[in-house]
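Protein chains in written order, with the numbering used here: chain A, 7 to 163; chain B, 7 to 163.
Okay, structure coming up:
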């Protein structure tokens, strides 16, 4: 942590993520921003756009991943770093894992967000439960006769 | 499980999700489809669009949520059910939690997908580790002078 605090680029990128969050809040949006960096260069900037799009997945980090991947023309963001103004929710953290993001930093914690309804700690708690104990039951339902979908796909090369 | 197998609508919706997956595979895409249902009506259908969009978040379930929320003009999908051809990844499962999806069903398991590189069990395993032991380090970095972002946002009403 001390090393990170002394790294000017880390702080520069984080300050930019926070500035994006603050500007989004000033414009009537939710106070979240994110910056995605590859090889020391910002390749995507995004803010939470849930309110204007009605899209509940329009979190800043998820949008930064989408923007970066589409700008770079690749589904892989290996080696990239995300600077997020707020603690990433499990959807965004999983998205980072899926596309190979190497590291992530956040400024405001879930504890900071809790009094304002801006924490996703409860979702983390749900995800940490065994599937059968989560509030959202996830159940297997395999219709009779179904078996070969993935093998069919793989056989197409 | 037996009750579910006897419920014709459950099977009908799941068969539609699988048909979407199969059609997407036939068109060169990945073999995943999802159907989002509210009050017994399909409000969104989606397939995995990663290959054509380069967007690593373009999973069928996430796109179904986006389509449904935008079609219904709401960020909340409380009471909705998702039928997914494959076991939802943690990004999609977290998205369901975030917007209030009530239940989810899947046909093909991560075990089915493992031989074909279509399992996300490894991402679940990462997410189950304490943050400091995950492959993707998630680190707090709060610049000096930062403290009031969320309170500023809340004070705007």
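Here a beta-carbon is modelled for each residue, glycine too, at the ideal position from N, C-alpha and C.
For residue 8(B) and chain A, any beta-carbon pair shorter than 7 Å? In this prediction, residue 8(B) scores a pLDDT of 44, lower than 50, which makes its location untrustworthy; the coordinate-derived value is nonetheless stated afterwards. Chain A, which has no Cβ nearer than 7 Å to the Cβ of residue 8(B), makes this no.
What does residue 118(B) reach in chain A if we use C-beta pairs closer than 7 Å? What residue 118(B) touches in chain A: 156.
If we count the other Cβ atoms within 10 Å of its Cβ and call it buried at 16 or more, is residue 154(B) buried or exposed? exposed
Amino acids of chain A, ordered along the chain, whose beta-carbon sits closer than 7 Å to that of residue 148(B): Those are 113, listed as they occur along chain A.
Quick one: give me the first and last residue of the alpha helix (DSSP H) that residue 161(A) is part of. 155-161
CB contact below 7 Å: residue 129(B) versus chain A: Closer than 7 Å: yes.
CB contact check: residue 45(A) to chain B, cutoff 7 Å: no
Which listed residue (15(A), 69(A), 121(A)) has its alpha carbon closest to that of residue 4(A): With chain A covering only 7 through 163, there is no way to say anything about residue 4(A).
Residue 39(B) in three-state terms, based on DSSP: strand
Segment contact, 8 Å Cβ cut-off, at least three pairs: the region 115-122 of chain A with the region 83-91 of chain B: Here the region 115-122 of chain A makes no contact with the region 83-91 of chain B; the two share fewer than three CB pairs at distances below 8 Å.
First and last residue of the beta strand (DSSP E) that includes residue 107(B)? First-last for residue 107(B): undefined, no H or E at that position.
Please name the residues in the region 92-109 of chain B whose beta-carbon is closer than 9 Å to at least one beta-carbon of chain A, in chain order. Residues passing the 9 Å Cβ filter: 92, 93, 94, 95, 96, 97, 98, 99, 100, 101, 102, 103, 104, 105, 106, 107, 108, 109.
Along chain A, in chain order, which residues have C-beta atoms closer than 8 Å to that of residue 85(B)? None at all; the shortest Cβ gap to chain A is about 12 Å.
In this structure, does DSSP put residue 145(A) in helix, strand or coil? strand
For chain A, find out if any of its Cβ atoms is closer than 7 Å to the Cβ of residue 1(B); answer yes or no. Missing from the structure shown is residue 1(B); chain B here goes from 7 to 163 and no further.
Cα-Cα separation, residue 95(A) to residue 61(A): 15 Å
Taking CB distances under 7 Å as the criterion, tell me whether residue 21(B) reaches chain A. yes
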